[in-house]
Amino acid sequence: MKHDLETTIETAARELFDTDISVALTHPEVQFGDYATNVSLQLARTVGQPPRAIAEALAARLREVAPDHIREVTIAGPGFINVTLTDAALGRSLAVRATKSWAGKVVVAEYSDPNPFKVLHAGHLYTSIVGDSIANLLEHAGATVHRVNFGGDVGLHVAKTMWAILQKLGGEHPEKLAAIAPNERSEWMAEAYVAGTLAYEDDAGAKARIIELNRQVYAIQTEQDHVAPLAQIYWLCRGWSYDYFDAFYERIGTKFEKYYPESETAPIGLKIVSEQLARGVYEQSDGAVIFDGDKYGLHKRVFINSQGLPTYEAKDVGLIMLKWADYHFDSSVIITGNDIIEYMKVVLKSVEQFMPQLPARTTHLTHGIVKLAGGTKMSSRKGNILRAVDVLEAAAAANKAVTATEDERVTLGAVKYAFLKQRTGGDIIYSPTESVSLEGNSGPYLQYAHARARSILRKAGREVAGDPSALDVDLEDDERTFVRKMGEYSEVIDKAVADLLPHVVCTYLYELAQTFNRFYENNRVIDDPRQALRLGLVEAYAARLREGLGLLGMYAPEKM
RNA sequence: GUACCCGUAGCUCAGCUGGAUAGAGCGUCGGCUUGCGGAGCCGAAGGUCGUAGGUUCAAAUCCUAUCGGGUACACCA
């Protein structure tokens, strides 16, 4: 309907004024109608007529063309054209589905990216939730999405943790690891990382040993050594980290089909960068291999250090190659923090020099960091971080205090919604007491709204629901406002998918629930003469809430 | 220093491919329950959209400058 109207106006503009203009209808405030456009204001200059005159001419044409869809066309203000649909046409808008704009496309979505041997902090929770929702949006639009994860199972952070582990064990004694209970492992390793990092900074002897351990860990990987005591400790603790990640992802309801450890991408990156060094893409500088981004308005970065070890840059080159080999994707979406925007530009620019189709298919989406209210900055280095579990537990405590229930699916919904309702890109201010609120514009508000709608349908019984998209009665004002809001659903989803912005869904669902709550405050559904119609509307409403919450990775409860 | 991002109500944020009186939530104050789920609904107070110019019939939205905050800029990830 919307698209038809836009085309109609564009055609009319061409015929009446011999001019091409792209029309994008908007939803004005209810008082003005269902759709509005300001094309006549835009055309006034080129056409050389007053905007209201242009509007009148276009309005007249609209009235002729679609009398069965349009109830009224009015001109308002300086020259806005406002269109009010017939109730039947408005009802038909409920049957419109979101566009399958990604149908048939293969997408690799990389997000979360925690490092083994380190703790999962609030930022990982945030990036995982955002990434999961974006992947959901792509899937909903028809894409085949492969969710993958990238992390450093080699590197200095591993060596730091390993150093402290050796201290704790009193040497290379892998057998002593059996004494660590499974539920204590992640905490035990997190402590080791903090201790190792402090030692690296404060103790020259420890620093030298850690650097040596770093080299040894690389060697364990390249030689696939599973026998030496140090190697046994490494593989066991590495496994603990992945177990810990899997448990966390299961808890928050996301799942990856593949981890790409840096140990796998590093040798490939090293090989590719070395090959392309010979072809002049990369160059030698002070003993290292760099890419000179200055030529492209970017900056220089080291891909292979002067010891011949691949840096993160080369590992990322290897990752791109592996993803391509594994999936031959139409699109690769990488979701990370803002801090690596410039870094990623350099890496992609370098790959563009020898495989231009890969960067062309890659989209780097970024988000801000999670800040504690009050401006405290978190550092896993110092150990004064807000861990992912801390956020979940603070939310659980808030939920319990308000509702006396402990449904983790509701708690998780509160956290996810609190993070997702803000536009991706900026920093998130997290306050344990306020951010994860259970009222107002919050996850539980929407979950409660769904439970409430389902409750109405349950109470009414199964025989009553009709198909509101085929309604043949005139709508009352409150009903009409409600239907109109529901009719926007597919447009909103299309927009969220086009921009890959989950908060668009959040904003809409909240407005939708508010619209229903206002309707429900003043109108009966059950035992009303208009029960059949209204139950149909409630059913359509509940379906939208459920689907929309699903896109956000949120559970839509029947009761709560 | 260079580049990029951000500055909208007391707080946290929508709105930003220019358009009709700048919207929510929280907080504050005041109402609604002998009714299908009150985690709800209604109302009030609260804003020079950082500042100054510019473009335009029209600027929170585009351009320039400036102030403030953040991030990134060679062997960490």
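Sequential numbering of the first sequence, starting at 293, is according to this note's numbering.
For every residue, glycine included, the Cβ atom is placed at its ideal position computed from N, Cα and C.
Cα-Cα separation, A511 to I721: 42 Å
Do I612 and L562 have their beta-carbon atoms positioned less than 7 Å apart in this structure? no
So for P553, helix, strand or coil by DSSP? strand
Among R822, A617, L843 and D766, nearest to I785 - alpha-carbon criterion: L843
If A498 sits next to A491, beta carbons under 8 Å apart, how far is it from one beta carbon to the other, in whole angstroms? 4 Å
Bounding residues of the alpha helix (DSSP H) (the contiguous stretch that carries V422): That run of the alpha helix (DSSP H) goes A414 to H432.
DSSP bridge partner residues for V817 (one or two, in chain order): V817 is not bridged to any residue.
With a cut-off of 8 Å on the beta carbons, I'd call S404 and H416 a contact; round off their distance for me. 6 Å
In the segment 295-369, which residue ranges form an unbroken beta strand (DSSP E) of at least 3 residues, counting only runs that do not cross its ends? Those beta strand (DSSP E) runs which fall completely within the segment 295-369 and span 3+ residues are 327-329 and 362-368.
Nearest-angstrom Cα separation, counted from C529 out to E515: In a straight line, the C-alpha of E515 is about 18 Å away from that of C529.
Pick out the complete alpha helix (DSSP H) segments inside the segment 738-804, 4 residues or longer, and give them in chain order. 769-779 and 781-791
Expected contact under 8 Å - CB spacing of Q739 and A835 to nearest Å: Between A835 and Q739 the Cβ distance is about 15 Å, and since that is not below 8 Å, they are no contact.
To which residues of the same chain is F540 closer than 6 Å at the C-beta, ignoring the five residues directly before and after it? L412
Determine, using beta carbons only, whether V388 and S729 come nearer to each other than 7 Å. no
Ignoring anything shorter than 3 residues, give me the beta strand (DSSP E) runs that lie fully in the segment 500-569, in order along the chain. 550-553
Can you tell me which of I362, W394 and G371 puts its alpha carbon nearest to the alpha carbon of S385? I362
For T658, which residues does DSSP report across the bridge? T628
Under 6 Å Cβ to Cβ from E298, same chain only, skipping five residues before and after it: list those, please. V315 and L317
Count the other CB atoms, across all protein chains shown, that sit within 10 Å of the CB of H659; report buried if there are 16 or more and exposed otherwise. buried
Grouping DSSP H, G and I as helix and E and B as strand, with all else coil, what is G443? In the structure shown, G443 sits in a strand (DSSP, three-state: E or B).
Under 7 Å between the Cβ atoms of R439 and E549? yes
For the segment 294-314 and the segment 347-354, state whether three or more C-beta atom pairs, one from each stretch, are separated by less than 8 Å. yes
Touch check for the segment 363-374 and the segment 337-347: three-plus C-beta pairs under 8 Å? yes
Quick check on the DSSP output: the alpha helix (DSSP H) that includes I472 runs from which residue to which? Segment: none, I472 is in no alpha helix (DSSP H) and carries neither H nor E.
Pick from A790, V702, E567 and L825: whose alpha carbon is nearest that of R429? According to the sequence shown, residue 429 is Leu rather than Arg. Nearest of A790, V702, E567 and L825 to L429, Cα basis: A790.
Just the Cα atoms here: how many angstroms apart are K641 and A381? 50 Å
Go through its chain and collect everything with a Cβ distance to Q645's Cβ below 8 Å, but skip five positions before and after it. Q568 and V573
Cβ separation of P602 and A558, assumed to be a contact under 8 Å, to the nearest whole Å: Indeed they touch by this definition, with Cβ atoms about 5 Å apart.
Excluding the 5 residues preceding and the 5 following P466 in the sequence, name in chain order all residues of the same chain whose CB lies nearer than 6 Å to its CB. P521, Q524 and I525
Length of the line joining the Cα atoms of T668 and E831: Confidence at T668 is low in this model, with a pLDDT of 49, below 50, so the placement of that residue is unreliable and no value is reported for it.
Sheet register partners of H438 (DSSP bridge): Paired residues: V400.
Compare the Cα-Cα distances from M647 to each of V609, L684 and T366 and report the closest residue. The option with the nearest alpha carbon to M647 is V609.
Beta-carbon separation of G463 and P408 under 7 Å? no
I need the DSSP call for E467, collapsed to helix, strand or coil. helix
Could you have a look at E839 and say whether DSSP puts it in helix, strand or coil? helix
Sequence-distant residues of its chain with Cβ nearer than 8 Å to L933 (five each side left out): This structure cannot speak to residue 933, because the chain is shown only from 293 to 852.
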